[in-house]
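Position one of the sequence shown corresponds to residue 1 (my numbering), numbered consecutively onward.
All residues carry an ideal CB built from backbone N, CA and C; glycine is no exception.
Encoded as structure tokens, the structure appears first; notes follow it.
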Amino acid sequence: MKAGRKPLAKHRRIVIKIGSALLVDRATGLKSRWLEAMCDDIAELRAGGTEVLVVSSGAIALGRSVLKLPSGTLKLEESQAAAAVGQIALARAWSESLSRHEIVAGQILLTLGDTEERRRYLNARETLNQLLKMGSVPIINENDTVATTEIRYGDNDRLAARVATMAGADLLVLLSDIDGLYTAPPHLDPNAAFLESIPAITPEIEAMAGGAASELSRGGMRTKIDAGKIATSAGCAMIIASGKPDHPVKAIENGARSSWFAPSGTPVTARKTWIAGQLVPAGKLHVDAGAEQALKGGKSLLPAGIREVSGEFSRGDTVAVIGTDGREIARGLAGYDADEARVIAGRKTAEIEALLGYVGRAAMIHRDDLVMTGAHTAKVRGSTEEAYSA
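Below, the structure is given as structure tokens:
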């Protein structure tokens, strides 16, 4: 086993994300043999006591194959129709393949709102936990029949990370057509160096992310790094590995090349995990250097430290906190509506009553409702500079 990792079978709960190109061939449709081998791996993990959840791409790709739609970009309504057909076929395929091992599959279709709105998030989490308690393997996908371009994940990497944090998983495995993280896209740069271990996702690591690698896939390394930020901040390790070989999970266990992202040493609480993982904050609070230092020291965000308020949000909405260098440093639940926040921004707490006409909260974001999200300064093994020049 590679340094810093433990065997997959030693994990309590694993989320495995499977890319479209692994499951579906554009010309021939479902890759049945690969799926059966994948289910063999899942059954072996479960036999050892590990719970498994699967985030499976492929509904649109499979649906367009069944409907014989032409290659190229689909219109929104065509994608939704393909998803409607593909979801049935995909669920049946997973159910039949897992049933060979006497495992019951349960289908869950999520939308962005199911993970971003607190009440729906809790309901979805309870459903996942109940399925696992009953011995089922949840097969999860974005509900592409109703999702629109404006209100969607658009990729299953980040969805898988949200599912991992929602389910309290201790490992997220992203299987796709690339075997890990490189310092540059390897198909474009022959000198790109492979990174086996990533102790923290720094701005340098984020800069290495490339674009989508397959027509059937909407994700790329960018979305995988985003997924890593969501998962690792919640104390969940992540692996990026190739899913091309049969038995891809067993291949990882046997030492196949893969990139391992270390979990945070100080995972945030479940509530703060939900705050940190919000994909689309309702607004932004730009803060000064003093406020930035106070937040890093575990303090609440006071109105006096806010330089600018952008966006329209209501009290209780998730907002991003932007530091002096223009980067996001934290997220939290707003203590005021956007209009009120603009009135009291830069003012002392003692002035709030006179400005708003009532005695409000002392903090714009209380420290109990705030989580730091900025990248750490730790470097990749061997240093980032060495990785770039390798």
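| query | result |
| --- | --- |
| Just to confirm the assignment, what range does the alpha helix (DSSP H) spanning S79 have? | L76 to S99 |
| Is there contact between the stretch 26-38 and the stretch 58-68, where contact requires at least three CB pairs shorter than 8 angstroms? | yes |
| Quick one: residues in its chain with C-beta nearer than 7 angstroms to the C-beta of A213, no 5 flanking neighbours on either side, listed in chain order? | Note that A213 has pLDDT 42, beneath the 50 cutoff, so the model's placement of it is unreliable and the number below is only indicative. For A213, where only same-chain residues beyond five positions count, the Cβ hits under 7 angstroms are D177, I178 and G220. |
| Going by DSSP, what residues sit across from H286 in a beta bridge? | E308 and I322 |
| Applying the criterion that 16 or more other CB atoms from any shown protein chain within 10 Å of the CB defines a buried residue, is G277 buried or exposed? | buried |
| At the level of alpha carbons, what is the spacing between Q293 and V309? | 19 angstroms |
| Check whether the Cβ atoms of I14 and V173 sit closer than 9 angstroms, and answer yes or no. | yes |
| Less than 9 angstroms separating the beta-carbons of L285 and L301? | yes |
| Whole angstroms are fine: how far does the CA of Q87 sit from the CA of E36? | 18 angstroms |
| Need the endpoints of the beta strand (DSSP E) that I18 sits in, please. | R13 to I18 |
| Would you check if the distance between the CB atom of R335 and the CB atom of M372 is smaller than 9 angstroms? | Checking the displayed sequence, the identity of residue 335 turns out to be Gly instead of Arg. Taking 9 angstroms as the Cβ cut-off, G335 and M372 do not qualify as a contacting pair. |
| Taking I306 and A256 to be in contact with their CB atoms under 8 angstroms, please state how far apart those CB atoms are, rounded to whole angstroms. | Their Cβ separation, rounded to whole angstroms, is 49 angstroms, which puts I306 and A256 out of contact at 8 angstroms. |
| Measure how close the beta-carbons of K348 and A282 come, nearest whole angstrom, since I'm counting them as under 8 angstroms. | Contact flag wrong, Cβ pair sits at about 25 angstroms. |
| Between the Cα of K296 and the Cα atoms of G316, T269, I329 and L195, which residue gives the shortest distance? | I329 |
| Given that a residue counts as buried once 16 or more other Cβ atoms are within 10 Å of its Cβ, and exposed if not, what is E150? | No answer about E150 holds up, because its pLDDT of 47 lies below 50 and its placement is not dependable. |
| Looking only at DSSP bridge pairs, what is R331 linked to? | A320 and V371 |
| Judging by CA-CA distance, which residue of R367, L370, E340 and T269 is the nearest neighbour of G357? | E340 |
| To test your reading of the DSSP string, which unbroken beta strand (DSSP E) runs of 3 or more residues are found completely within the stretch 110-155? | 137-142 |
| Go through its chain and collect everything with a Cβ distance to A209's Cβ below 6 angstroms, but skip five positions before and after it. | M221, R222 and I225 |
| Check for me: the beta strand (DSSP E) holding E102 runs from which residue to which? | Where E102 is concerned, there is no enclosing beta strand (DSSP E), given that its DSSP letter is neither H nor E. |
| Nearest-angstrom Cα distance between V55 and V343? | 44 angstroms |
| Can you tell me the Cα-Cα spacing of L181 and L175, whole angstroms? | 12 angstroms |
| Can you tell me the Cα-Cα spacing of I240 and A82, whole angstroms? | 28 angstroms |
| Along the alpha helix (DSSP H) that carries L172, what are the first and last residues, could you check? | Run containing L172: none in the alpha helix (DSSP H); it sits in the beta strand (DSSP E), L171 to S176. |
| Report all residues from its chain with a CB closer than 7 angstroms to the CB of S314; omit the five preceding and five following residues, and keep chain order. | D337 |
| State yes or no: is the C-beta of G49 within less than 9 angstroms of the C-beta of G243? | no |
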